[in-house]
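Just so you know, the sequences run in chain order U and W.
Counting in our numbering, the first sequence runs from 542 upward without gaps.
Counting in our numbering, the second sequence runs from 2 upward without gaps.
All C-beta atoms in this analysis are idealised placements derived from N, C-alpha and C, irrespective of residue type, glycine included.
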Amino acid sequence: MGQVIKRITDILYRKKTLDDSEVEELRNAFQARYHFFKLLLNANNKALEVMSEMEEALRGDRPFGMTYVRALCTTVSTNVWQIVKNLNELAHGKYDELNSRFKAIQQEINPFIKPTHHPNEGSLTLSLNEIDKGFADQVGSKMANLGEIRNNVHLPISNGFAITAEAYRRFMEHNDLQQEISRRFQTTDRDRIDQLYGLSAGIQQLIIQSSLPQDLEEAISEQYRRLEQEDGKGITVVMRSSALGEDFAETSFAGQYRSALNISGENIHQVYKEIVASKYSLQAMTYRFNRGIRSEDVAMCVGCMTMVKAVSGGVTYSRNPIDVRDDSIFINSVWGLPKTVVDGSAASDLFVVGRANPPQIVRRDIPVKRQSFVCYPEEGVCRLDITGEKDSLASLTDDQVLEIARMAILIEDCYGLPQDIEWAVKEDGTIIVLQCRPLRQSPVQDSMDKFVHEEDDDSVIFTGGVTASPGVAAGPVFLARKDMDVLRFPQGAILVITQALPRWATVLNRAVAVISEHGSTAGHLANVSREFDVPALFGIEGALDTLKGGQMITVDADAQKIYKGRIEKILDTKKPKKMLMEGSPVLEALRGAAQHITPLNLLDPAAPNFKARHCTTFHDITRFCHEKVVEEMFQFGKTHRFPERSSKQLFCEVPMQWWILNLDDGFKQEVQGKYVHLDDIVSIPMLALWDGIASIPWEGPPPVDGKGLMSVMFEATTNRALTPGLKSNYANRNYFMISKNYCNLSSRLGFHFSTIETLVSERPTENYISFQFKGGAANYQRRQQRIFFIKEILERYDFRVTIRKDNLIARIEDREMEFMKKRLMVLGYLTIHTRQLDMIMSREASVNHYRTKIFKDIDQILGLGKARSSN
Amino acid sequence: MDSFITLFVDDEEEFLATVLKRMKKRNLEVVGANSGEEALAVLKSHHVDVVVLDVRMPGMDGIQTLREIKREFPLVEVVMLTGHANMEVAVEGMELGAFDYLMKPVEIDELLYKLQDAYKKKSIQEEKIKQINTLKK
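Pasting the structure below:
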């Protein structure tokens, strides 16, 4: 198409006069150019929008996932590509060099957003005998830890095997599941938890209904037959997730996935699929999302071990989880399987063992334990009521407590880190380690220990309970009874529940605190609360009956107190919340990609390095192309002697110092002669701007203090660009380039230079205003003061403002026409009234005077609208 | 703007049915196809101005289909619409002459604007060809 324009151009220069058909051709050529120009502006605008979204996401204070990062990068790429393409269409390939710059930048971004491919090696299953801590990449850290303890620490562990990460990948590939899952992810609005629910259920069904590859099915059966040889025919197993990538720094995937107790041989394959599917449980998805863990980095390995028919069981913390300075060993224990300790659903015995030599039991809490979980003979577990006096007996003997403490110390020594260990006592009294993982401790907050709340007693609603996660918070009460209450949970509320079940973890990114009637600090919900820094207080009997939904309360988890209302004195002691996304792989990926996208190096169009080959980021390309396309459009209008299209001087009672270039359909009708009257202009954004320009007459320059004038005079003599007559006409005059919906105003009033570019139509998503303000006489400090003053004004009227040195950029997007018109009036007003403001910037009193006047004027303009300005 | 005909190609029945219905409500003339193969058959028998093409389809995928459309019907504008954000495929599609590459979920109005712009581009191209033919005479 470049050739077409070239031909037309040739014709034009050959002849002096144009016949009708040639005028028609030229009009078409212009229309085509204008169309490319508009497409470029749309793409330019979209690209800038995504870049600012990227910068916002980089702050890391709101959760997002890899699909989001990829979507941002893809949108930016396609739009920058279109910018380059449309510029080259317009300029006959003059900027071809940009194509290679684009490709090069894209190559740099690629590695950060590519899905990671794990090496395709290793077996589908591995016996626990073959595993140690070096196997974390094949079998997940949970199974690798168990292998290590069994084979190198020599503690008793059940026989078992692991279904590896390789098996997971084979399963997903066999059914092409990953592609389908990514597609479903992208098309879901993740801010809406009801949509997430549907997504989660759909993906889990998809996985459960998929078939296992033949060789994987056989490998699992073979391992089970081996277990039968070791432990007896028809033995049942426990199956647990052991996900890869679940243990990034500081993240414990407590209770996010499914485990299945007491599974018979014939159902192992089915349960395997269910555990794999639990990777997409609502809890697990929101957890990954909130922590910035890449979904595709999480390969689901599954551990499968001979079931222990436990007499009693529980969880040991090798140190105090909520006090780093306390090295006592905490043992929570119940009758039967340790299930209720793990899921936090019922009361448990607590033994605290001090690390004296020999270790000693320093504390015993033995509450009434009404229920226990035991195995059915064939498959499954059942809940039994505990009858007789056994319910108030300790579930461990002192010897067992000390033995469990000894094992905890051994395991901690092996890893060099505090541990969280689940164990069971067999019928013959042997203690078996079921699983272990690093324990996350919360530091004590010194000030809290000494803090005395001098509140009246009647503001305290509850005292007591146990601190499951330290901290203080205030918010409205939300009473959650049913699963579906998760959907209604509001941002910033306090979750009040009867049992500390893992499923409530889903709302922890929205909750400011958790209160539970039951549950132990060793449970999953407590773990995740600590990780998310959400204060949690458990064991508050009667909380659901006493507290009312919506009631404002303050929870002091450290002092184990709940107050009516907001108690500011307590809240003041709160530590700042940490950045959830900090250090996460997803944020790192975005950061890596963004360094080739968002930085802007080509700031000054007049600088010698403002060239295509110096574009090193997508932002550079965008900036460069925008500058060039405006130039191209302008030159086309100037160099083609085409009366209807070239620039006219604005006539408004008298000829004004404003020139207008009609790009397309900016005039009501063809305009003859050198002037154009305001009545002939139909450009929506230009008329709005003009309303602002003409609304309130300029009173002339503000009174200048002597120093201010000196400063301006000095700059004017040293900066040639400020001296009239030395620059091209393009730079000196005030030009509107217009069409019906577009307006570009480059103005040089007094000593400052500003550009307004805007598109306003019935398509709100394409509407934007972009305002740039730069330079001006007066010294750097005064220019800075003025620019911050303008920033303050613009922000008051909804603009998003950024400042780089003394260059101000303000934008508004995506608003409907009337709103945009009002904001253009504000800019029109400022274009006239802020000139030479820097001369008065040094006097605080005059600044205040002008601030008041400007706000008053603008409010008046916005209130009166067009009626006033048209007279 | 004068009316124009849009062909939607998507293997997902549900999505296709919904989008056709919603576009008809906005007085857009639309036809649908379930696969790349079917899309090419429709293009041979119907007048179509703009194609909205799913990128991942079984059989002939979106990129292949795009290549075929641009070879056989170079004036037809193609908007890629996909559930998979893939930067490389996106740029490949644009290089093959796609008008734009959009990601699901897409605002229905935004899609409509894109279709209008794509049709506008097609009209301009056609006008140009007419001119070249006149110049040749």
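| Any idea which residues DSSP pairs S668 of chain U with across the strands? | As a first step, residue 668 of chain U is located in the first sequence; it is residue number 127 there, counting from the start. Paired residues: U:F702.
| Which residue's Cα is closest to the Cα of R1107 of chain U: U:S1010, U:A1015, U:I952? | On the first sequence, position 566 is the one that residue 1107 of chain U refers to. With distances taken between Cα atoms, R1107 of chain U lies closest to U:A1015.
| query | Using the beta-carbon of each residue, which ones in chain U are nearer than 7 Å to Y102 of chain W? | reply | For the purposes of this step, residue 102 of chain W is taken as the residue at position 101 of the second sequence. T619, listed in chain order.
| request: Measure from the C-beta of K579 of chain U to each C-beta in chain W and report whether the shortest distance is under 9 Å. | output: Counting from one through the first sequence, the residue named residue 579 of chain U turns up at place 38. Closer than 9 Å to some Cβ of chain W, the Cβ of K579 of chain U qualifies, so yes.
| Cα-Cα separation, H1160 of chain U to M58 of chain W | Residue numbering aside, residue 1160 of chain U sits at position 619 when the first sequence is read from its first letter. Residue numbering aside, residue 58 of chain W sits at position 57 when the second sequence is read from its first letter. Straight-line Cα distance between these residues: approximately 33 Å.
| field | CB contact below 9 Å: W622 of chain U versus chain W | value | If you number the first sequence from 1, residue 622 of chain U lands on position 81. It does: the Cβ of W622 of chain U has a partner Cβ on chain W nearer than 9 Å.
| said: By the 8 Å beta-carbon criterion, what residues does the stretch 103 to 123 of chain W contribute toward chain U? | reply: M104, K105, P106, E108, D110, E111, Y114, D118, K121, K122
| request: Please look up how many angstroms separate the CB atoms of W964 of chain U and G854 of chain U, rounded, as I've assumed it's under 8 Å. | output: Start at 1 with the first residue of the first sequence, and residue 964 of chain U comes out as number 423. Start at 1 with the first residue of the first sequence, and residue 854 of chain U comes out as number 313. That belief holds up - the Cβ atoms of W964 of chain U and G854 of chain U are roughly 6 Å apart, short of 8 Å.
| said: Tell me the DSSP secondary structure of I1138 of chain U in three-state form. | reply: In the first sequence, counting from the first residue as 1, residue 1138 of chain U sits at position 597. Of the three classes helix, strand and coil, the one that applies to I1138 of chain U here is coil, per DSSP.
| query | In chain W, which residues lie less than 8 Å from R611 of chain U when you measure between Cβ atoms? | reply | As a first step, residue 611 of chain U must be located in the first sequence, where it is residue number 70. Per Cβ cutoff of 8 Å: A86, N87, M88.
| field | Contacts around A612 of chain U, its chain only, beta-carbon distance under 8 Å, and the 5 residues preceding and following it disregarded | value | For the purposes of this step, residue 612 of chain U is taken as the residue at position 71 of the first sequence. Same-chain partners within the cutoff: Q727.
| Is the beta carbon of A1098 of chain U sitting closer than 9 Å to the one on G1012 of chain U? | For the purposes of this step, residue 1098 of chain U is taken as residue 557 along the first sequence, with counting starting at 1. For the purposes of this step, residue 1012 of chain U is taken as residue 471 along the first sequence, with counting starting at 1. Yes, the Cβ-Cβ distance between A1098 of chain U and G1012 of chain U is below 9 Å.
| message | Measuring alpha carbon to alpha carbon, tell me which residue in U:F1329, U:L589, U:N1068, U:A677 is nearest D1347 of chain U. | response | Here residue 1347 of chain U corresponds to residue number 806 of the first sequence, with the count starting at 1. Closest by alpha carbon: U:F1329.
| message | Quick check on the burial criterion: 16 or more other C-beta atoms within 10 angstroms. Buried or exposed for Q1401 of chain U? | response | To locate residue 1401 of chain U, count along the first sequence from 1; it is residue 860. Its Cβ having fewer than 16 others within 10 Å, Q1401 of chain U is exposed.
| task | Check whether the Cβ of V80 of chain W lies closer than 9 Å to any Cβ atom in chain U. | result | The sequence position of residue 80 of chain W within the second sequence is 79, counting from 1. No, its Cβ sits nowhere closer than 9 Å to a Cβ of chain U.
| Within chain W, the residues that S853 of chain U reaches when beta carbons sit closer than 9 Å | As a first step, residue 853 of chain U must be located in the first sequence, where it is residue number 312. By Cβ distance, chain W contributes nothing, its closest Cβ being about 51 Å from S853 of chain U, past 9 Å.
| query | Rounded to a whole number of angstroms, what is the C-alpha to C-alpha distance between F1151 of chain U and F1165 of chain U? | reply | Translated into the one-based positions of the first sequence, residue 1151 of chain U becomes position 610. Translated into the one-based positions of the first sequence, residue 1165 of chain U becomes position 624. Rounded to the nearest angstrom, the two C-alpha atoms are 7 Å apart.
| said: Going residue by residue through the stretch 895 to 961 of chain U, where are the continuous beta strand (DSSP E) segments of at least 3 residues, counting only ones entirely within it? | reply: 901 to 906, 912 to 916, 922 to 926
| message | Looking at the ligand ZN, does it come within less than 8 Å of N1275 of chain U, judged from the CB to the closest heavy atom? | response | You won't find the ligand ZN in this model; it holds no ligand whatsoever.
| field | F1314 of chain U - containing beta strand (DSSP E), residue span | value | The residue labelled residue 1314 of chain U in the question sits at position 773 within the first sequence. Element bounds for F1314 of chain U: 1309 to 1315.
| Counting pairs of beta carbons, one from the stretch 732 to 740 of chain U and one from the stretch 1018 to 1036 of chain U, are three or more of them closer than 8 Å? | yes
| request: Please classify T928 of chain U: is it buried, with 16 or more other beta-carbons within 10 angstroms of its beta-carbon, or exposed? | output: Taking the first residue of the first sequence as position 1, residue 928 of chain U is located at position 387. Per the 10 Å Cβ criterion, exposed.
| Supposed close pair L665 of chain U, R711 of chain U - CB separation, criterion 8 Å | Here the question's residue 665 of chain U lines up with position 124 in the first sequence. Here the question's residue 711 of chain U lines up with position 170 in the first sequence. The pair is a contact, with the Cβ atoms about 7 Å apart (cut-off 8 Å).
| request: Given a cut-off of 9 Å, decide if L631 of chain U and T1163 of chain U are closer than it, judged by their beta-carbon atoms. | output: The residue labelled residue 1163 of chain U in the question sits at position 622 within the first sequence. The residue labelled residue 631 of chain U in the question sits at position 90 within the first sequence. Result no, Cβ atoms of T1163 of chain U and L631 of chain U do not sit closer than 9 Å.
| query | Below 9 Å between beta carbons: does that hold for F1277 of chain U and W1200 of chain U? | reply | Your numbering for residue 1277 of chain U matches position 736 in the first sequence. Your numbering for residue 1200 of chain U matches position 659 in the first sequence. Yes, the Cβ-Cβ distance between F1277 of chain U and W1200 of chain U is below 9 Å.
| Where the stretch 1296 to 1328 of chain U meets chain W: residues whose CB sits under 9 Å from a CB there | R1304, P1305, T1306, E1307
| In chain U, which residues lie less than 8 Å from V92 of chain W when you measure between Cβ atoms? | Taking the first residue of the second sequence as position 1, residue 92 of chain W is located at position 91. Within 8 Å Cβ-Cβ: S618, T619, W622, Q647.
| said: If the criterion is Cβ atoms closer than 9 Å, does the pair I722 of chain U and A1130 of chain U meet it? | reply: Position 181 of the first sequence, counted from the start, is the residue given in the question as residue 722 of chain U. Position 589 of the first sequence, counted from the start, is the residue given in the question as residue 1130 of chain U. Contact: no.
| field | Contact with chain W by S723 of chain U, beta-carbon distance below 9 Å | value | Translated into positions along the first sequence, residue 723 of chain U becomes position 182. It does; some Cβ of chain W falls within 9 Å.
| Rounded to a whole number of angstroms, what is the C-alpha to C-alpha distance between K1110 of chain U and Y1104 of chain U? | Here residue 1110 of chain U is taken as the residue at index 569 of the first sequence, counted from 1. Here residue 1104 of chain U is taken as the residue at index 563 of the first sequence, counted from 1. When rounded, the distance between both Cα atoms is 12 Å.
| Between A1257 of chain U and chain W, is there a C-beta pair that is closer than 9 Å? | Your numbering for residue 1257 of chain U matches position 716 in the first sequence. Residue confidence for A1257 of chain U is low, a pLDDT of 40 falling below 50, so the modelled location carries little weight; the figure read from the coordinates is stated next. So, not an interface residue.
| message | Checking 9 Å against the spacing of the C-beta atoms, do Y120 of chain W and V10 of chain W come in under that value? | response | For the purposes of this step, residue 120 of chain W is taken as residue 119 along the second sequence, with counting starting at 1. For the purposes of this step, residue 10 of chain W is taken as residue 9 along the second sequence, with counting starting at 1. No, Cβ-Cβ distance for Y120 of chain W and V10 of chain W is not below 9 Å.
| Beta-carbon neighbours of M95 of chain W, restricted to chain U and to distances below 8 Å | The residue you call residue 95 of chain W lines up with position 94 of the second sequence. Those are T619, W622, Q623, K626, listed as they occur along chain U.
| field | Per-residue DSSP class, three states only, for Y1321 of chain U | value | The count along the first sequence starts at 1 and reaches residue 1321 of chain U at position 780. Reduced to three states, the DSSP call for Y1321 of chain U is helix.
| task | Decide yes or no for the touch test of the stretch 837 to 844 of chain U against the stretch 771 to 785 of chain U: beta carbon pairs closer than 8 Å, at least 3 of them. | result | yes
| query | Among the residues of its own chain, which have a CB less than 7 Å from the CB of M95 of chain W, if the five just before and after it don't count? | reply | To locate residue 95 of chain W, count along the second sequence from 1; it is residue 94. Y102.
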